[in-house]
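Per full-length UniProt numbering, the very first residue in the sequence shown carries number 1; after that it's consecutive.
Quick reminder that beta carbons are idealized off the backbone N, C-alpha and C, glycines included.
Every value quoted in this text rests on a predicted model; they were computed, and no experiment measured them.
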Amino acid sequence: MDECRARRQSLADEFKALQSFFAALGDETRQQIFLALLEHETVGMRVPEITRRTHLSRPAVSHHLRVLRDAGLVNIHRQGAMNYYYVDANLSKWSEIKALVDHVCRVAGDAARAHYPRLEE
1 MDECRARRQS LADEFKALQS FFAALGDETR QQIFLALLEH ETVGMRVPEI
51 TRRTHLSRPA VSHHLRVLRD AGLVNIHRQG AMNYYYVDAN LSKWSEIKAL
101 VDHVCRVAGD AARAHYPRLE E
């Protein structure tokens, strides 16, 4: 049982390290902005474009972009006086997320094989 507890604690520690990522994408408005950036025909969108696409105010878009940037999901490219926001391809951040998901799958698989108690559906 101690091994099980240690594995759960390890998962909890990994999750805590990525909490800002999950919190950033946990908001439906930020998901909308993130999708708009992914679906845009060119790399990078300006705040006015995002405002038109999402029907949010400029201050709201700027706030949500800041949260996404702080979480390492979005970055900014400055070209003169214009700022273009884009989905950050920071491989280390995405690798951390993949590692957490892989870890959850391993632990869940081991738990299922060990007939870990589950609530019936």
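Contact under 8 Å by Cβ, residue i with residue j
i	j	result
residue 29	residue 64	yes
residue 58	residue 36	no
residue 97	residue 38	no
residue 93	residue 109	no
residue 74	residue 7	no
residue 14	residue 100	yes
Alpha-carbon spacing of residue i relative to residue j, whole angstroms
i	j	result
residue 103	residue 11	7 Å
residue 40	residue 61	16 Å
residue 77	residue 87	11 Å
residue 25	residue 112	29 Å
residue 16	residue 68	17 Å
residue 42	residue 105	35 Å
residue 20	residue 66	12 Å
residue 27	residue 33	10 Å
residue 5	residue 116	13 Å
residue 31	residue 114	37 Å
residue 79	residue 9	45 Å
residue 95	residue 89	11 Å
Beta-bridge partners of residue i, as assigned by DSSP
i	result
residue 76	85
Near the ligand ZN: residue i beta-carbon under 7 Å from a heavy atom
i	result
residue 12	Among the ligands in the structure shown, none appear at all, so the ligand ZN cannot be discussed.
message: Three Cβ pairs or more, each shorter than 8 Å: is that satisfied between the segment 41 to 48 and the segment 83 to 90?
response: With a cut-off of 8 Å, the segment 83 to 90 and the segment 41 to 48 count as touching, because enough Cβ pairs lie within range.
field: Residue ranges of each alpha helix (DSSP H) within the UniProt domain "HTH arsR-type" (11 to 108), 4 or longer
entry: With a minimum length of 4 residues, the continuous alpha helix (DSSP H) runs that stay inside the UniProt domain "HTH arsR-type" (11 to 108) are 19 to 25, 28 to 39, 47 to 54 and 58 to 70.
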